[in-house]
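Per the numbering used here, the sequence shown starts with residue 824, numbered consecutively.
Each residue gets a CB set at the ideal place from its N, CA and C atoms; glycine is no exception.
For reference, the structure discussed in these notes is given below.
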Amino acid sequence: MHHQPKICAVFGIDIGKSLFHVVGLDTSGAPIQKAKFRRETLLQFFARAAPTLVSMEACPGSQWLARKLKELGHEVRIIPAQFVKPYVKSHKNDIIDAEAIAEAATRPTMRFVGIKEAHQIDLQMLHRVRSRLVKGRTNLICQMRSYCLEHGVALRQGAGVFKLDIVRTIDDPENDLTERARVVLRELQADLLRLEERILSVSTEIKNIADRDETARRLMTIPGVGPLGATAILASIGDPSRFKKARDVAAWLGLVPRQHSTGGKQTLLGIAKRGSSYVRTLLIHGARSVLMHLDRTKDRLGQWADELRGRMHVNKVTVALAAKMARVVWVVLSKPGATYERRLPAGGGA
């Protein structure tokens, strides 16, 4: 069916695999156009439409469509699905969803997802593949460990020592493993070696990208941020200008206290744990490494962390340090050529 675009203040798109439902609202928020397109005709419609605001939910395919619509001259906003839900009226279908998306996009306090370039999507893809492989390795080790326990053989904790112990265990004729169990464990050990090779390959590719990228190299000057952390930040944050200040990055990653305040009484709970759990985990692991290995005589960040440790649990200090690292990340990303500058502790250092 041929649809002639009308002059709309905002379009909302409900994205599907093959079908896309589009609703256009006027300046008062009233729906004035509703249409349904197949994938191959959607861009033709927006190529004919006057440049305007186009909104959609964050989902697989939204980043690709956002880039295409920006090339056609439209302003594009991607909204997290949980922020669209309150605008869905009674019942639910694709047109109602598209109308809710368009309405949500016009709200002045709405939060949006950053639009990523194709190379950022590729980098994010590498990280997700590596994360899946690492999780698979953990599952495989746990499975092998439990099979050994079924025959009365307990192995030491830790992936590194496990890989040494499992070889000796399989070849030890004195334990209670059956021949069938030894055959199965050898096959699982071969699977583990293949997983290790694949993880190493992906990790090496990520490291090579970090070494070639100027921004990633600047991010790696921050204590606790290595090739994995730097490239994960580049892939997830996108344009740093969408954050008004450094604290917004820490809040976006869920590294600030969750609030439940009312009646003028402020109540702070644990961290919010919002945003990218993967990047948050990498920053917390990096912060834990900093607490263990940072030379306190050469960087006042260590002195700050030691002062915190004097009055709170080490886990809280770790999260506080990760939040500070997230703020430094925003500064490095926002200022061209900026790097982390190590500062000597007040009154000390070489």
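Between the Cα of residue i and those of the options, spot the shortest distance and give me the residue it belongs to.
i       : options                               : result
ASP849  : GLU997, VAL1072, ASP1014 and THR929   : THR929
VAL1155 : LEU1105, PHE906 and ALA1053           : ALA1053
ILE1107 : THR1044, VAL984, ALA1146 and GLY959   : ALA1146
HIS826  : ILE855, GLY981 and MET1043            : ILE855
SER841  : ARG871, PRO828, ALA1128 and THR864    : THR864
LEU1105 : LEU1114, TRP1127, GLY1049 and ARG1150 : GLY1049
HIS942  : ALA1058, PHE935, SER913 and TYR970    : ALA1058
ARG1150 : ALA853, LEU1117, LYS1139 and PRO1063  : PRO1063
ALA982  : LYS1158, ASP1118, ILE964 and GLU922   : ILE964
LYS893  : ASP1118, ALA870 and ARG1165           : ALA870
ARG934  : GLY959, ARG900, HIS1116 and ILE944    : ARG900
SER878  : SER851, HIS844 and LEU1144            : HIS844
ASN1138 : GLU997, ILE1032 and LEU1114           : LEU1114
VAL1079 : LEU1051, VAL1140, LEU1008 and ARG968  : VAL1140
VAL1007 : MET967, LEU949, GLY847 and ASN962     : MET967
ALA853  : ARG862, VAL833, ALA872 and LEU866     : VAL833
Would you list the residues sitting across from residue i in a DSSP beta bridge?
i      : result
ILE813 : A query on residue 813 cannot be resolved here, the shown segment of the chain reaching from 824 to 1173 and no further.
GLN856 : GLY847
ILE902 : GLU880
VAL936 : ILE901
ARG861 : LEU842
Check the C-beta distance from residue i over to residue j and give it rounded, since I have them as a contact under 8 Å.
i       : j       : result
ILE1056 : VAL1152 : 6 Å
SER805  : ILE838  : Only positions 824 to 1173 of the chain appear in this structure, which leaves residue 805 out of reach.
VAL957  : ILE1022 : 6 Å
THR1162 : ARG1041 : 5 Å
GLY1109 : MET1148 : 7 Å
ILE830  : GLU880  : No, ILE830 and GLU880 are not in contact; Cβ-Cβ is about 24 Å, not under 8 Å.
ILE938  : ALA889  : 5 Å
SER1112 : GLY1047 : 6 Å
PHE868  : PRO828  : 6 Å
LEU1000 : VAL984  : The Cβ separation is near 18 Å, so there is no contact.
Any chance the segment 1026 to 1034 sits against the segment 946 to 963, with 3 or more Cβ pairs inside 8 Å?
yes
On the three-pair Cβ rule with 8 Å, is the segment 1004 to 1015 touching the segment 985 to 993?
yes
Say whether the segment 1056 to 1076 touches the segment 1119 to 1135, bearing in mind that this needs 3 or more beta-carbon pairs closer than 8 Å, one atom from each stretch.
no
Length-filtered (4 minimum) alpha helix (DSSP H) runs lying within the segment 985 to 1072
1002 to 1035, 1037 to 1042 and 1050 to 1060
Of all the alpha helix (DSSP H) runs that stay within the bounds of the segment 1120 to 1156, which reach a length of 4 or more residues?
1123 to 1132
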